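2 protein chains.
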Amino acid sequence: MAATSWENSVKSLKGVILDMCGVLYDAGEDGGTPIPGSVEAVKRLKASDLQVRFCTNETQATREVFVAKLQRMGFDICVSEVFSPAPAAVAVLKERGLRPHLLVYDGVVPEFDSVEKANPNCVVIGDAAEKFSYQNLNDAFRVLIGLEKPVLFSLGRGKYYKEDEGLNLDVGVYMKALEYACDVEAEVIGKPDPMFFQKVLDDMGIQSQQTLMIGDDLVNDVGGAQHCGMKGVQVRTGKYSSVWL
Amino acid sequence: MAATSWENSVKSLKGVILDMCGVLYDAGEDGGTPIPGSVEAVKRLKASDLQVRFCTNETQATREVFVAKLQRMGFDICVSEVFSPAPAAVAVLKERGLRPHLLVYDGVVPEFDSVEKANPNCVVIGDAAEKFSYQNLNDAFRVLIGLEKPVLFSLGRGKYYKEDEGLNLDVGVYMKALEYACDVEAEVIGKPDPMFFQKVLDDMGIQSQQTLMIGDDLVNDVGGAQHCGMKGVQVRTGKYSSVWL
Chain A
8 MAATSWENSV
18 KSLKGVILDM
28 CGVLYDAGED
38 GGTPIPGSVE
48 AVKRLKASDL
58 QVRFCTNETQ
68 ATREVFVAKL
78 QRMGFDICVS
88 EVFSPAPAAV
98 AVLKERGLRP
108 HLLVYDGVVP
118 EFDSVEKANP
128 NCVVIGDAAE
138 KFSYQNLNDA
148 FRVLIGLEKP
158 VLFSLGRGKY
168 YKEDEGLNLD
178 VGVYMKALEY
188 ACDVEAEVIG
198 KPDPMFFQKV
208 LDDMGIQSQQ
218 TLMIGDDLVN
228 DVGGAQHCGM
238 KGVQVRTGKY
248 SSVWL
Chain B
8 MAATSWENSV
18 KSLKGVILDM
28 CGVLYDAGED
38 GGTPIPGSVE
48 AVKRLKASDL
58 QVRFCTNETQ
68 ATREVFVAKL
78 QRMGFDICVS
88 EVFSPAPAAV
98 AVLKERGLRP
108 HLLVYDGVVP
118 EFDSVEKANP
128 NCVVIGDAAE
138 KFSYQNLNDA
148 FRVLIGLEKP
158 VLFSLGRGKY
168 YKEDEGLNLD
178 VGVYMKALEY
188 ACDVEAEVIG
198 KPDPMFFQKV
208 LDDMGIQSQQ
218 TLMIGDDLVN
228 DVGGAQHCGM
238 KGVQVRTGKY
248 SSVWL
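Taken in order, these protein sequences are the chains called A and B. Each residue of the first sequence is one higher than the one before, starting from 8 at the first, in this note's numbering. Each residue of the second sequence is one higher than the one before, starting from 8 at the first, in this note's numbering.
See below:
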């Protein structure tokens, strides 16, 4: 984008959506560490006239636990500003009367407390990390293959993310595995699903062309945002720096 | 196929290739059990004028161990009659000077004893079953993503197979997972790869149209054989009976 065009774009901005992992902090076994300058950057954005929201495909913890972690790192952030796939999935499940078999990280299970889970008629997978054992994936497969019409929800479709010790496989690769095993196409809840971004825009009460998305994932953050008519910017931290630099 | 056409086809047959798991025996934790009538059927085929070979995507044991198991079940079978992916993979690796990172079942590792494995420049996956942990798949992913041009071999591309207690995910779903994670297309060694079937035909010294393939997998056995010009017949045992009946 040429400098003048970029300046004009910035002038029309009314809101900014920030990805979290790889943009605000780097994940790690100790909960992660803030990326230098990011605490201050959020502070400055919130002091500006721009609306600020946070949009993550994080599915290893409830929003409450996740936001508390970010607050401890020094970020000015609250739960109502954060959009993540699990609450969106709960809304979809209830609307369609579906009872999920969950293959998700233990920490995010409480998000599904209000959903009936006995006698499952669909499967929901999140970033289950080490819970993606052969046995657990096989259990999810057997639920799906036993349904007359398999229904699979994937909380995001990311390929991998960066933790302190290197790149880790994300939920998308297990989504592809189950899609292939069962000849089914997963319904993705989270970035880059346009409906997911639309909820953030609705919450801010602004249009997509007035909004900038900042993320480290070229497909799920930048591409997803651009597909919805937003502007998208890729940071050079997170998974960007660990693969391309 | 009409009866007369079928009879004419049978008259021109000179060889039969038999799939093993789901055709000769059902897999299980105790090593599996022969399918009723199959021991006798192999005996009759071998007593006929037809050549007989066995073609499996089994990659949980060396051929020696695998054949010994079948012999204990009562089958008239020897190692030289059995074609499986691991020896074929070893030939490819040596030919191309590749050093594999192996993600395979412990039992098949000895097949790769003669291959250099330090400083890997490719990944080979087989039906690793419970060894397909998150950590092991992530290790294989990190090897691939760290290569300038990722090379992934998959010993077969099956979706699932039947064991006594139900259906189990096969190597193909993990192949799809790594393909997606690394934007790479795996090279499949084993059924339904035409080169794999061709080696069996070469060993018998007959043409594809003189050969019948009998299997329980519509894609990897029957479809793969037909794609090579053989006749293909699907049995109603193995994974067929557990899904469609």
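Ideal Cβ placement from N, Cα and C applies to all residues, glycine included. Keep in mind the model is a prediction, meaning the values are calculated, not measured.
Cβ of residue i less than 8 Å from any chain B Cβ?
| i | result |
| --- | --- |
| Ile132 of chain A | no |
| Ala188 of chain A | yes |
| Val180 of chain A | yes |
| Gln58 of chain A | no |
| Ala136 of chain A | yes |
| Tyr167 of chain A | yes |
| Arg173 of chain A | It is Gly, not Arg, that sits at residue 173 of chain A in the sequence shown. For Gly173 of chain A, the answer is yes, since a Cβ of chain B falls inside 8 Å of its Cβ. |
| Lys246 of chain A | no |
| Ser140 of chain A | yes |
| Tyr184 of chain A | The amino acid occupying residue 184 of chain A in the given sequence is Ala; Tyr does not appear at that position. Yes, Ala184 of chain A counts as interfacial toward chain B. |
| Gln233 of chain A | no |
| Leu144 of chain A | yes |
| Leu176 of chain A | yes |
Is any beta-carbon of chain A found at less than 8 Å from that of residue i?
| i | result |
| --- | --- |
| Leu110 of chain B | no |
| Lys18 of chain B | no |
| Lys198 of chain B | no |
| Pro160 of chain B | The sequence shown places Phe at residue 160 of chain B, not Pro. No, its Cβ sits nowhere closer than 8 Å to a Cβ of chain A. |
| Arg243 of chain B | no |
| Phe148 of chain B | yes |
| Ile152 of chain B | yes |
Using the three-state DSSP reduction, which class does residue i fall into: helix, strand or coil?
| i | result |
| --- | --- |
| Phe148 of chain A | helix |
| Val131 of chain A | strand |
| Leu154 of chain A | coil |
| Cys28 of chain A | strand |
| Ala193 of chain A | coil |
| Arg164 of chain A | coil |
| Phe61 of chain B | strand |
| Glu137 of chain B | helix |
| Asn15 of chain B | helix |
| Asn126 of chain A | coil |
| Lys169 of chain A | strand |
| Asp33 of chain A | strand |
| Leu20 of chain A | coil |
| Leu252 of chain A | Only weak support exists for where Leu252 of chain A lies, its pLDDT of 41 falling under 50; the coordinates are left without a value. |
Starting from residue i and walking both ways along the beta strand (DSSP E), at which residues does that stretch end?
| i | result |
| --- | --- |
| Pro201 of chain A | Element bounds for Pro201 of chain A: not the beta strand (DSSP E) but the alpha helix (DSSP H), 201-211. |
| Glu118 of chain B | From DSSP, Glu118 of chain B is part of no beta strand (DSSP E); its letter is neither H nor E. |
| Pro107 of chain B | 107-110 |
| Gln241 of chain A | 238-241 |
| Gly222 of chain A | 218-222 |
Can you name the start and end residues of the alpha helix (DSSP H) that residue i belongs to?
| i | result |
| --- | --- |
| Val46 of chain A | 45-54 |
| Lys3 of chain B | An answer regarding residue 3 of chain B cannot be provided, because it is not within the stretch 8 to 252 covered by chain B. |
| Lys76 of chain B | 70-80 |
| Gln67 of chain B | It is not in any alpha helix (DSSP H) - Gln67 of chain B carries neither H nor E in the DSSP assignment. |
| Gln233 of chain B | 231-234 |
Cβ of residue i less than 8 Å from any chain D Cβ?
| i | result |
| --- | --- |
| Met211 of chain A | No chain D is present in this structure, whose protein chains are A and B. |
Practice item. Closer than 7 Å, Cβ to Cβ, to anything on chain B: give me those residues from the segment 64-83 of chain A, in chain order. Key: none
Practice item. Could you say if the segment 225-235 of chain B and the segment 32-51 of chain B meet the contact criterion of at least three C-beta pairs nearer than 8 Å? Key: no
Review point. Would the segment 71-80 of chain B and the segment 185-202 of chain B be scored as touching if the rule is three or more Cβ pairs under 8 Å?
Key: no
Exercise for review: Check whether the segment 124-143 of chain A touches the segment 127-144 of chain B, taking contact to mean three or more Cβ pairs, one atom from each stretch, closer than 8 Å.
Suggested key: yes
Review point. Pairing CB atoms from the segment 156-163 of chain B with CB atoms from the segment 145-164 of chain A, are three or more of them under 8 Å?
Key: By the C-beta criterion, the segment 156-163 of chain B is judged not to be in contact with the segment 145-164 of chain A, since fewer than 3 inter-stretch pairs fall below 8 Å.
Review point. Per the contact definition of three or more C-beta pairs closer than 8 Å, is the segment 56-68 of chain A in contact with the segment 105-116 of chain A?
Key: yes
Review point. Do the segment 168-180 of chain A and the segment 229-246 of chain A touch if we need at least three Cβ pairs shorter than 8 Å?
Key: yes
Check your understanding: Does the segment 201-213 of chain B touch the segment 16-26 of chain B, meaning 3 or more C-beta pairs lie closer than 8 Å?
Key -> A contact between stretches requires three or more CB pairs, one per stretch, nearer than 8 Å, and the segment 16-26 of chain B meets this requirement with the segment 201-213 of chain B.
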